[in-house]
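To keep things clear, I will list the structure first and then write my remarks on it.
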Amino acid sequence: MEKSLGKHHDRVAYFSMEIGLDEKMPTYAGGLGVLAGDYIKSAADMEAPVVGITLLNGKGFFVQKFDGEGNQREEEAPWDPGNYMSSVDKVIEVSIEERRVYVRAWIYKVVGVTGYEVPVIFLDTDLIQNFELDRSITGYLYGGDKEYRLKQEIVLGVGGVRMLDKLGIHVKKFHMNEGHSSLMGLELMKRDLEKNPKKAITHVVDGIKEHCIFTTHTPQMTGHDIFPYSLAERLLRGFMDVEQIRRLCPGDYLNMTILGFNLSGYINGVAKKHAETSKGMFPSYNINSITNGVHPDTWTSMPFKRLFNKYIKDWRRDPHLFRYAVGIPDEDIWRAHVEAKKELIDYVNSEQGAGMDYDTLTIGFARRMTSYKRPAFIFSDIERLKKIAGGNGGLQMVFSGKAHPEDVKGKKIIKDLFQIKKSLEHDIKIAYIENYNMAVAKKLVSGVDVWLNTPQKPKEASGTSGMKATLNGVLNLSVLDGWWVEGHIEEITGWAIGDMEENEQKEKEDLYKKLERVYGVYYHDPAKWVKMMRNALSINASFFNSHRMVEQYITNAYWD
Ligand SMILES: *Cc1c(COP(=O)(O)O)cnc(C)c1O
131 MEKSLGKHHD RVAYFSMEIG LDEKMPTYAG GLGVLAGDYI KSAADMEAPV
181 VGITLLNGKG FFVQKFDGEG NQREEEAPWD PGNYMSSVDK VIEVSIEERR
231 VYVRAWIYKV VGVTGYEVPV IFLDTDLIQN FELDRSITGY LYGGDKEYRL
281 KQEIVLGVGG VRMLDKLGIH VKKFHMNEGH SSLMGLELMK RDLEKNPKKA
331 ITHVVDGIKE HCIFTTHTPQ MTGHDIFPYS LAERLLRGFM DVEQIRRLCP
381 GDYLNMTILG FNLSGYINGV AKKHAETSKG MFPSYNINSI TNGVHPDTWT
431 SMPFKRLFNK YIKDWRRDPH LFRYAVGIPD EDIWRAHVEA KKELIDYVNS
481 EQGAGMDYDT LTIGFARRMT SYKRPAFIFS DIERLKKIAG GNGGLQMVFS
531 GKAHPEDVKG KKIIKDLFQI KKSLEHDIKI AYIENYNMAV AKKLVSGVDV
581 WLNTPQKPKE ASGTSGMKAT LNGVLNLSVL DGWWVEGHIE EITGWAIGDM
631 EENEQKEKED LYKKLERVYG VYYHDPAKWV KMMRNALSIN ASFFNSHRMV
681 EQYITNAYWD
């Protein structure tokens, strides 16, 4: 692959509905967007010729507020892109309901460790020449109904390809990060047919497959975008005959995953187990696996950055070198952790008056608040939990996470957690931090002692917050799903809850057994604890980083 980013060199165009690059730009909702941002940052560090394409999400993702009972209130989070990026003087158009919708671009530059730049194009329809209702298409991330979503996907997929062209960017490979950008393949098809009207469709499709990569991110059918063809017909009429689309994706619904799969030469899931689960869901496709990773410089706390600068000089450019964490002395690892933990505890105490202290075993849990993540799982048997926490030393916990505005059950879970927090106030100090975002995530994953994850198997595709914890030597206590199946070695890199089987009762039982172990090692065998932290760094941080992930995309998916 060509290293130089000169105008005439080919690049990989990475399409994603959300990209989280800077904690001050609310252009992402959660895991998918943060992962996309980490991918782009690693590409920049590695001088890989990539260009990112996404929507501006100009109204941001919501800010979360609570009342005393834990009722979530959503506030808008408008932001000014002009503070972070420059708008370019190029406009393209797409057809929606046979109307012309004009799209402009903002370009954000991600600068890697060597100074190499990867541009990210943010598409924006908020232009005066557009009809009023079209101006907000690129406004709300995951807001609105199916019609709104499909309009967004037209702008991202079709508009994205057109904008790349308009900007004179040569693209060799098109990478669809989830099905939100699958319409991109149709634009490529349309172009080929316009150039070669006599070409057989199968040849057109084969040609497109050589250039397209699809990454699926969810093992839940409901997570895959589908649109009734009646809606697709109406919105896409001026772009393409739906009968032509139907040949690529038969049935009553336009399924963006199936469409993307059928136009891609390489398909992957985001962890080994997730690829297996996806094969079960889509048996007629060859689904590979490239396990997710996180960006080292973004997710490492200051104390650990200093530690790595001292012992693993080149870690930012080449995180394979975390392997050499085996040589870092105990005292230095522990000192860095104590410092990071102090920062978190001070923050939690000043935000919430939580009264937490520096020496107590601290467990963290933060992610989207939704049923399958089972945020209240650790409170399944409160008496047992109290008994563990009642030993010498004690236990404190920090939670955070947003529920999707439409997710009634997710909101109920937050209220339950507020209730539990109150009822346990004399036994276990619990804090719930408002408005989970990249900044809060970084404080939490680096400042707790243990990172807890209790999803319902096999619904966690990968999970990345546990990898962020690992970069800070924080130990994982997790159900064996997603990445942890690959990262877990019992009492070496962390602890597993249950085994590979799906058995809720067994997991509950095992959770408390493991908590007792965690408690015992933390308070009675600190030497072992630090050794485990060091193992987590050398065995897991050296692998579950986004540099390795980008490397695998290059060698397994992009190279011909
Ligand atoms: C890392 C991150 C996530 C994803 O975490 P999971 O462990 O995959 O649930 C979600 N939201 C934010 C703000 C993050 O930083």
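Start counting at 1 in the sequence shown, then tack on 130, and there's your number in our numbering.
Heads up, the beta-carbon is just placed ideally off N, CA and C, and yes, glycines get one too.
- DSSP places Y383 in the uninterrupted beta strand (DSSP E) bounded by Y383 to N385.
- With a cut-off of 7 Å, the C-beta of Y566 is classified as near ligand 1, since at least one heavy atom of the ligand falls inside that distance.
- If you check the CB distance, S312 and G287 come in under 8 Å.
- DSSP places G290 in the helix class (H, G or I) of the three-state scheme.
- Counting C-beta pairs closer than 8 Å gives fewer than three between the stretch 330-341 and the stretch 154-169, which falls short of the contact rule.
- The beta carbon of N260 is closer than 7 Å to those of V231 and Y232 in its chain, skipping five residues each way along the sequence.
- Within the chosen limit of 7 Å, ligand 1 does not reach the beta carbon of G617 with any heavy atom.
- Of the candidates S595, T184 and K643, S595 places its Cα closest to the Cα of N675.
- By DSSP's assignment, V580 forms a beta bridge with I493 and L605.
- Distance from the CA of R514 to the CA of S592, rounded to the nearest whole angstrom, comes to 30 Å.
- For Q374, the secondary structure class from DSSP, reduced to helix, strand or coil, is helix.
- Sixteen is the threshold: when 16 or more other Cβ atoms of the shown chains lie within 10 Å of the Cβ of H404, as they do, the residue is buried.
- For M432, the number of other beta carbons within 10 angstroms of its own is below 16, and it is reported as exposed.
- When C-alpha distances from P426 are compared across K598, Q635, W689 and E564, the shortest belongs to K598.
- Unbroken alpha helix (DSSP H) runs of no fewer than 4 residues, entirely contained in the stretch 153-177, are found at 161-175, following chain order.
- Three or more Cβ pairs closer than 8 Å define a contact, and the stretch 313-327 falls short of that threshold against the stretch 153-165.
- T490 and A626 have their C-alpha atoms some 22 Å from each other.
- Between the stretch 654-669 and the stretch 394-411 there are fewer than three inter-stretch CB-CB distances shorter than 8 Å, so the stretches are not counted as touching.
- Here L294 has A143, V181, I183, I251 and V301 as same chain residues with Cβ atoms under 8 Å from its own Cβ, once five neighbours each way along the sequence are excluded.
- With distances taken between CA atoms, F529 lies nearest to K545 out of G521, G337, G315 and K545.
- Contact between the stretch 380-399 and the stretch 412-421 is established, with three or more Cβ pairs separated by less than 8 Å.
- Between the stretch 518-534 and the stretch 605-613 there are fewer than three inter-stretch CB-CB distances shorter than 8 Å, so the stretches are not counted as touching.
- G410: member of the alpha helix (DSSP H) spanning K402 to M411, first to last residue.
- In this structure the stretch 216-232 does not touch the stretch 181-200; the number of beta carbon pairs closer than 8 Å is below three.
- Residue state for N418 is assigned as strand, using DSSP reduced to three classes.
- The continuous beta strand (DSSP E) containing R234 extends over residues R229 to V241.
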